[in-house]
Every structure is written in C-alpha cells, then in structure tokens.
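See below for the structure under consideration.
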C-alpha cells in the first residue's frame, strides 16, 4: 500500500518507530520472478536500415543412417560471406542414434503423458500439485502472462516409430491421440481437455500461441487429419474451444502406397506480427501462407511447391483432374530449383526471420517417415532452402541451398532451425 503526503516527511519518533516495527511483520514478501525473461517486443515499424538480417543459424543434424554421431551445426546465412550456405562450426553429440529434434523419448513407452517441472534455482525436480495425466504426450506451447500451457497428443510411440501403415491411417481413432489439453502453469493443474474429431484432429503435431501476450489465441495443426484449428477461450465461461478453420483435402492417387495421399502437415510458423501463418505439407510438397489477422476467419493467400511425392516419384499420378483446379493444390510444373538442384523429400520443418521476409525450410521430419516416403533422404542427406516473401508473394531463392549430401561421415539430415539473434519460435512473450 502506498501513501500520498503533502508535507515534508520527518524522522519518525520512538513511538512511531515501534509502530513501524510492528507493521514490518505484515510486509509484502519478495515478488516471485516472472516465468519468462521480460524483454521489449520486437518493433515491426522500425526503419528498414535498422533491421538486422539473420547471419547464422543453428541446426540439428541427425545422421540419416545412425552409424555416426549426430551433430549440431552452425550455418552461415550471410550472402556476402565466403562461407555462405556452408557449415562453419559443428558439435558432435556423445553417442550414436540419438536423433535430436523436436521429439522427446522415454526408455519405457508405457508411461502416461505428463510434464516434469524443474526448479530454476536448484535444478531439482519439483513436486506436482495434482497427479493428473493425459493419455499421450506430444507438442506443447505456453503463454506465461495468462499462466497457460496447451499440449497435444501424438499417440502410442509404436505407431509412428517405424512409419505409418495404411491400416493405421484408416483406424485413426484407435491409433492416434486426438485431444488438446489446457494446463495451468503454476500451480500445475490440468484445466480442460478438448476432444477433436479423430478424422480431422488425429496426431496434432504442433501447437502455437500468438506472439502478442495480450491475446490468448492459439493455433494447432494435425498431421493425419491435415487440418488447422483455432484455439480460443470463452471469456464468460472460461471454456476453451477448438474450431477447425482450414482443411487440406487428401489427393486420390495411383501407383503409391495408398489410394489417398494426405498432405501430412508437419510444421507451422506464425510471423512476429501475428498476421501470417505458414503451414507445410510433407507429402504434397507445398507450403501454404494464411492470413490470420482475424483468427476466426483464416484465409489462404499464397502457396509454393517444394519437392513432394510427385517430384520424387513421377510414376505417382492424381486420379481426379479436379485436383488441378483445387485452391489447395499447385501443379508440379510450377516448381523451381535451388542452385539447379532437385529438392529431395518435402517441406518438413521451417523457421521465419523476425521481419517476416525470409522463410527457411528443411526436408526431414523424422527418420522413420523420411525412409518410408522419401528413401533418397536417407541415402543422400537433407537440405535447407530459403523462400523470400516479396510483395506478399512467396518466391524460392534460387541462390540459397544448404545440402548435406557431401558432408564427411554423412549423410546427415537437417532439423529444427534456430537463429542466434532470435526468430519466430524462440520466445514466449510476457
């Protein structure tokens, strides 16, 4: 409590000093530090000459076969550098076959989904307040200002550990998780579980909040259902809802592993100004750009081809001619090549520059899926390309290509791109 006084404050008398000492025991304890590092929001309106482009990227590089140690690599992104698009430093991990990436594995697959809390001062495991569990684990995102965390369910590890079978895709409700869970960060508590339609929401691969900490809106994408969900809370009832705002239809094909080919959404990026969302389809070989300024009315604005099944396997054909007129589909003839080199595989994981002008895309998601759908990724290694956003249109930068094909002791694949000076996925804003 603060007191406003209109005269000079004199030294307290002995009686006043005694009263102050009595009140001292009611003093407010030291405030708990914030759950994330507080910092100034990125200024999107700053002059163009004041903006610094990303110069280096840290990438995850698992060995595609596994008989050599995986590594973390530092890649030069500066076009004026002599080592442009090359690895300038690397750190090898201690053992073989760890496959670093966005997945977290446990020795026993029989455990239920949960979160482990680590004390920031002692690094000891903190006691949970409630013994609440979910059926499966998966991806998660958090918004410290609202004391919220949202997690997804992937499914039983045995289902996607060795690839995806046609039978499992047909029985998605039994095989994969299709729920989203809303948690309270502190004290830890499961607030609500949201059931999604298994046909649309199976294996929600990524969940992300908007960057604006005043908003409690989030988006999620499903791999098997190839759908995009808008997550929001009813301010009156405090109930969370997940609305399907977009769905990429499967393509009817021939000469492939199945009669229908899902897009298989594997990653999503939201721009720092929360205006644009990028979603990649691993099998269709397309990156879609959505306008999300009104999260309740998401609209498709642009798309670009990057590899895909039809590029890797020319014998695979689309049965329905109507697909060529579908707004989600882009004919393969429009593809361009980075440095004259074929883009192996399909768009799997992405990273966006802070100014929203450069989208970096790599072509490996998980080795079992890579081997099943794109065997050339395992034999020849991964790649990373750059898509420039010019006048609100996506254009492949044909001068940029990071190719792991000729790496010593390779081949390696590329995962999870991070920039040293910050990017669109590294921060949880307060």
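In the numbering used here, the protein residues as written are 79 to 508.
Cβ coordinates follow ideal geometry from the N, Cα and C atoms, glycine included.
Legend entry - Selection from 266, 232, 309, 292 that minimises the alpha carbon distance to residue 282: For the purposes of this step, residue 282 is taken as residue 204 along the chain shown, with counting starting at 1. The option with the nearest alpha carbon to residue 282 is 232.
Inset, instruction - Report yes or no: do three or more beta-carbon pairs, one from the region 345-364 and one from the region 251-264, lie closer than 8 angstroms? - result: No contact exists between the region 345-364 and the region 251-264.
Legend entry - Residues near residue 449 by beta carbon distance below 6 angstroms, same chain, minus five either side: As a working note, residue 449 is residue 371 in the chain shown. Taken in chain order, the residues that qualify are 456.
Legend entry - Strand pairing of residue 395, partner residues [DSSP]: Within the chain shown, numbered from 1, the residue matching residue 395 stands at position 317. BP columns for residue 395 point to 332.
Legend entry - Own chain partners of residue 133 with C-beta closer than 7 angstroms, once the 5 adjacent residues on each side are dropped: Against the chain shown, residue 133 aligns to sequence position 55. Hits under 7 angstroms: 155, 156.
Inset, instruction - Count the other C-beta atoms from every protein chain shown that fall within 10 angstroms of the C-beta of residue 286, then say buried if there are 16 or more, exposed otherwise. - result: Locating residue 286 in the chain shown gives position 208, counting from the first residue. Buried: at least 16 other Cβ atoms inside 10 Å.
Legend entry - Segments of 3+ residues assigned as beta strand (DSSP E) that fall wholly inside the region 324-388: Counting only runs of 3+ residues, the beta strand (DSSP E) found wholly inside the region 324-388 occupies 329-332, 343-348, 354-359, 364-369, 377-383, in chain order.
Legend entry - Start and end residues, beta strand (DSSP E) containing residue 407: Within the chain shown, residue 407 is the residue found at index 329, counting from 1. For residue 407, no beta strand (DSSP E) segment is defined, and its DSSP state is neither H nor E.
Inset, instruction - May I have the straight-line CA-CA distance separating residue 405 from residue 170, to the nearest angstrom? - result: Sequence index remark: in the chain shown, residue 405 carries index 327 (1-based). Sequence index remark: in the chain shown, residue 170 carries index 92 (1-based). Between residue 405 and residue 170, the C-alpha separation is close to 44 angstroms.
Inset, instruction - Output yes or no for whether 7 angstroms exceeds the beta carbon distance between residue 396 and residue 383. - result: Counting from one through the chain shown, the residue named residue 396 turns up at place 318. Counting from one through the chain shown, the residue named residue 383 turns up at place 305. Annotated as distal: residue 396 and residue 383, with beta-carbon spacing of 7 angstroms or more.
Inset, instruction - Could you check the C-alpha separation between residue 347 and residue 308 for me, to the nearest Å? - result: Locating residue 347 in the chain shown gives position 269, counting from the first residue. Locating residue 308 in the chain shown gives position 230, counting from the first residue. Near 14 angstroms, if we compare the C-alpha coordinates of residue 308 and residue 347.
Inset, instruction - Give the secondary structure of residue 170 by DSSP, where H, G and I count as helix, E and B as strand, and everything else as coil. - result: Counting from one through the chain shown, the residue named residue 170 turns up at place 92. Three-state DSSP puts residue 170 in a strand.
Inset, instruction - May I have the straight-line CA-CA distance separating residue 459 from residue 141, to the nearest angstrom? - result: Start at 1 with the first residue of the chain shown, and residue 459 comes out as number 381. Start at 1 with the first residue of the chain shown, and residue 141 comes out as number 63. In a straight line, the C-alpha of residue 459 is about 8 angstroms away from that of residue 141.
Legend entry - Limits of the unbroken beta strand (DSSP E) element including residue 450: For this step, residue 450 is matched to residue 372 along the chain shown. Counting along the chain, residue 450 falls outside any beta strand (DSSP E), though it belongs to the alpha helix (DSSP H) covering 445-451.
Inset, instruction - Could you give the DSSP three-state label for residue 150: helix, strand or coil? - result: Here the question's residue 150 lines up with position 72 in the chain shown. In this structure, residue 150 counts as strand in the three-state DSSP scheme.
Legend entry - Helix, strand or coil at residue 233 according to DSSP, with G and I counted as helix: Counting from one through the chain shown, the residue named residue 233 turns up at place 155. Correct three-state label for residue 233: strand.
Inset, instruction - Take residue 432 as the anchor and find which of 272, 353, 483 has the nearest alpha-carbon. - result: Position 354 of the chain shown, counted from the start, is the residue given in the question as residue 432. Looking at the Cα atoms, 353 is the closest of the given residues.
Inset, instruction - Rounded to whole angstroms, what's the CA-CA distance from residue 52 to residue 469? Just pull it up for me. - result: As shown, the chain starts at 79 and ends at 508. That puts residue 52 outside it, with no answer to give.
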